[in-house]
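Asker:
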């Protein structure tokens, strides 16, 4: 089953963090992780919770390798095991309800 994880890296002590987040996105791309960048975080889609948490851990550790001294990482996990669904499915379901009659 697919696990959807939203995470936000917050490199403390920096006013602009885009250069750090760009490096985290490069990490996801190198690993072949499906992702969606949002203004407030990044959503990834993985086959297994363990793999997803490992990717988030690597992104968190990357901040230290880039010279950040303190990092806060928020993680939200959607692990539904009764049916297969993907990031797009969740958005599509809401959009269909917006356009359907009340």
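Numbering (the numbering used here), first residue to last: 731 to 832.
Just so you know, even glycine gets a beta-carbon here, dropped at the ideal spot from N, CA and C.
Given the structure is predicted, the values throughout are model-derived calculations rather than measurements.
Across the stretch 775-784 and the stretch 822-831, are there enough close Cβ pairs to call them in contact, namely three or more that are closer than 8 Å?
Answerer: Contact fails: fewer than three Cβ-Cβ distances are below 8 Å.
Asker: What did DSSP end up calling residue 829 once you bin it into helix, strand or coil?
Answerer: Residue 829: helix per DSSP, three-state reduction.
Asker: Helix or strand or just coil, what does DSSP make of residue 757?
Answerer: DSSP places residue 757 in helix when its eight states are reduced to three.
Asker: Should residue 793 be labelled buried (16 or more other beta-carbon atoms within 10 Å of its own) or exposed?
Answerer: buried
Asker: Secondary structure at residue 785, three-state DSSP: helix, strand or coil?
Answerer: helix
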